[in-house]
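Protein chains in written order, with this note's numbering: chain P, 218 to 297; chain C, 11 to 491; chain A, 129 to 548.
In structure tokens, the structure reads:
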């Protein structure tokens, strides 16, 4: 499956690297390096990572259905 | 027909052509479909691949954590498009509303989106650039070639240019134990993007990680052996570095050549458009059927004095594509401005570097959190008494606060206390950017052109590459090089 | 009752079962300051997020204009220094990095992921035990028999604390958690605060014995790693190790027990989602995220202040004021979430505040997520016809760590553990 992380949104919380260490790795404290292609055997783990991302920065084939998502506020300042 | 009716017709059965099948083009196409565009959609790309992501090419791919041909972008939705991949667009007939392709075909449109992005600036001496072992890194094919060569255990990699890409390449090499020399014209890496104060930290990062960093030098020539393989680089200080791989990381060139003579306001600095992503023609009149998004676009930004910004930023490509797509199929009263605050990241030597705003506009910098020496800090840039940008090294979680300061035009220097304020952060120091009229490697934001309030319109012939960033000087749209 | 201030009504025990109407009332005044010396309660989503990322906000009690005694970290006199949740950068960052180097990436990327099998086994055994009590129409308490012992067992194993010691440290943990009640925290002389300080010291002394053992004879557990300090930041002092260990031991189960119990309760109140979970274990991922929004185990963060006067929605919060970040209220803010009072695991747009955000984001979040996902999945799979025997159930005292004290259920039967 294809995946991409919006590294502007990413704040290095590393939830993905905890939950799917085969796909997401931390280099240093907050810099995320990920494999943009994950084998199907890791699909379940990637799903956990996508859901757990505190800033919802991960998009993966079939896991992040954005169609019904409202317009996101500009990042990273989510506030008014 | 009335505007309302026209847009209804457009959404139902109009023809939209997207030139540029990368990040901006794909996200625009998805947004068009998500907003109910039911007409025909044609995606034109000069590379033979479906849209793929580029940032991993200088990170996970070079580190061997991902295959170079496996960075395809995931799809947010099906876009039901006609794909014309591997065929470059070669011309535009504005009046006839047609895009000419390299294979001679012409594709008619009712709405056009230009998202042709940039390409790597090649080594200017063509003969040397042809040597075996000399690479650039921008496309998938570039990454495949460079990756293959790095896997073959080169004795030394020589990187020309210590901008973000050059630094990331050096970092990936060091992480795999490959000897690296980096040559940079400025006094430190990242100077063009972040200034000398932060550049000094980047220089320490390079050296502590075993990079042979040469600053204040230019590369005067690349030398090949008898069979055409690169074997050494010659520097302006007279030194010679033996190497078997050279990576040219001298920034990017905007892909506007195909628009030459089209009548659009396109040139080496990009395609000028308004805040709603509508392209300007060469007379400075906005078109209503040609839109621009991504790295190739340059548009005025209200937060930065309405200067035209060209942003080689991943997030800008996505945001601008979404705005452009929305506006393409909306009547003027429903259109939106693209007001994305520039944001950028880079990952090198295990450090997460992020910036927000336009650091290169800053004249002073203040370290409001953390410390330069520890390489964990937030630096705030000031411009004419306002906060204009911020940069973080391993401190990204605070950046959204600084974005609000930028958006609200908060005063600079930052007078209020913050947690983790050190003595060094009590007062601002000069940010130490090089003279903007001198070329630098890889600033990621280029200020170019004039503000609408500026009445001058001076004919300025475009310069040979490398094109410098030249604030307050309009590009001549009739003379794209 | 209606005369009492809104914040007092929220913290009052009688509101525990359903504080959400009060939070709705609270959001009408996004920055509520009811009395001189009282806290400023911030309840709208965007304001909370902004303050969690605002470097003018401090977690360090020493920045309070009127410092109170402190609960999870303790202040002077207890012998234990503040733990990292009550510190600001750079001390916070340093201690948290060292703690993390024994817990997660980049140093230990597989520690939590590698626990999955073990977590499943622990849950399986606990449900077996629960089944014994439920057999033949009996009752079972999801809290005492499942949601509490599960995370306790896990955190003991991770840290390297003997599971058998639980009854012993329970007697110290209870007063520490009780002292979290914002009603008592402003009064350093209150008996609850004194008891908490005493308990914290006792717990620290107990852990000191274990730390000493691990120093001599390291094992594969976090205590051993904390003492050894392999990361680039070196090691913690002995006192820092102890206050970190106290924090991890308590935070490692006192919050998760609520997440699992709130989750069980919510699913029993929404049987259609319980049924879906039974058929599709993958749904547990979304269910847990929605739970963290809908019924967060930590309802508010009562321990922030500001190092300068700040302005939030036109209200000036003076330097040194107490600031309460009302996470559970922000999670139901209609400005942010569509139909916020509806439990909807299919919600795509779910950037909840259940674990906080910013540099102090919950340290154990990935572990809590896995624990709750596995616990709820297995309950759904194995309990046949589960039903609540008391709704609402009795709640624990704390308005901060909010959750049922007991959750009594009956079942038609319990399916045997699937053989692997």
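Glycine residues also receive a C-beta, built at the ideal position from the N, C-alpha and C atoms.
Residue contact check for residue 429/C against chain A: a CB pair falls below 8 Å.
The shortest CA-to-CA distance from residue 151/A to any of 169/A, 499/A, 141/A, 163/A is the one to 169/A. 526/A is the residue among 540/A, 526/A, 288/A whose C-alpha sits nearest the C-alpha of residue 139/A.
Within chain C, the residues placing a beta-carbon under 7 Å from that of residue 181/A are 407, 408, 410, 411, ordered along the chain. When the alpha-carbon of residue 203/C is set against those of 164/C, 261/C, 316/C, the nearest one is in 261/C. For residue 232/P, no CB of chain C lies under 8 Å from its own CB, so it is not counted at the interface with that chain. Under the three-state reduction of DSSP output, residue 312/C falls in the helix class. Taking a cut-off of 8 Å for Cβ pairs, the segment 381–389 of chain A and the segment 468–476 of chain A do not touch, as fewer than three such pairs fall below it.
Secondary structure of residue 411/C (DSSP, three-state): helix. Residue 293/A is positioned such that its CB atom lies no closer than 8 Å to that of residue 391/A. By the Cβ-count criterion, residue 143/A is buried, with 16 or more other Cβ atoms from all chains shown falling within 10 Å of its own Cβ. Per DSSP, reduced to three states, the secondary structure at residue 265/C is coil, with no helix or strand assignment. Selection 508/A, 454/A, 330/A, 417/A evaluated against residue 373/A yields 330/A as nearest (Cα-Cα).
The beta strand (DSSP E) runs of length 3 or more contained entirely in the segment 236–312 of chain C are, from start to end of the chain, 240–245, 250–252, 255–258, 262–264, 280–282, 288–290, 296–302, 307–311.
In terms of Cα proximity to residue 538/A, the closest of 328/A, 264/A, 148/A is 264/A. In the DSSP assignment, residue 378/C falls within the beta strand (DSSP E) that extends over 374–381. Contact annotation: in the segment 226–254 of chain P, residues whose CB is within less than 7 Å of a CB in chain A are 230, 231, 232, 234, 235, 236, 238, 242, 243, 244, 245, 246. The Cβ atoms of residue 253/C and residue 242/C lie closer than 8 Å to each other.
Judged by DSSP secondary structure, residue 537/A falls within the beta strand (DSSP E) whose first and last residues are 536–538. In this structure, the straight-line span from the alpha carbon of residue 153/C to that of residue 109/C is close to 30 Å. In this structure residue 193/C is buried. Its beta-carbon is surrounded by 16 or more other beta-carbon atoms within 10 angstroms. Residue pairing by DSSP places residue 443/C in no beta bridge whatsoever. Under DSSP, residue 53/C forms a beta bridge with 28/C, 93/C. For the 8 Å CB-CB criterion, residue 352/C and residue 375/C do not form a contact.
Here DSSP, grouped into helix, strand and coil, assigns residue 172/C to coil. Looking at the DSSP output, residue 317/C bridges to 311/C. The shortest CA-to-CA distance from residue 137/C to any of 189/C, 240/C, 198/C, 213/C is the one to 240/C. Against chain A, the CB of residue 380/C has a partner CB under 8 Å away; the residue lies at that interface.
With a threshold of 8 Å between beta carbons, residue 494/A makes no contact with chain C.
Counting along the chain, no alpha helix (DSSP H) covers residue 243/P; the unbroken beta strand (DSSP E) around it starts and ends at 241–244. If you look at residue 100/C, you'll find it in the beta strand (DSSP E) that goes 99–103. Excluding the 5 residues flanking it on each side, residue 190/A has no same chain C-beta neighbour closer than 6 Å.
In the three-state DSSP reduction, residue 207/A falls in the coil class, being neither helix nor strand. Within the model, the alpha-carbon separation for residue 453/A versus residue 432/A is close to 8 Å. When DSSP assignments are scanned along the segment 231–311 of chain A, the uninterrupted stretches of alpha helix (DSSP H) that are 4 or more residues long and fall wholly within it turn out to be 244–262, 277–287, 294–306.
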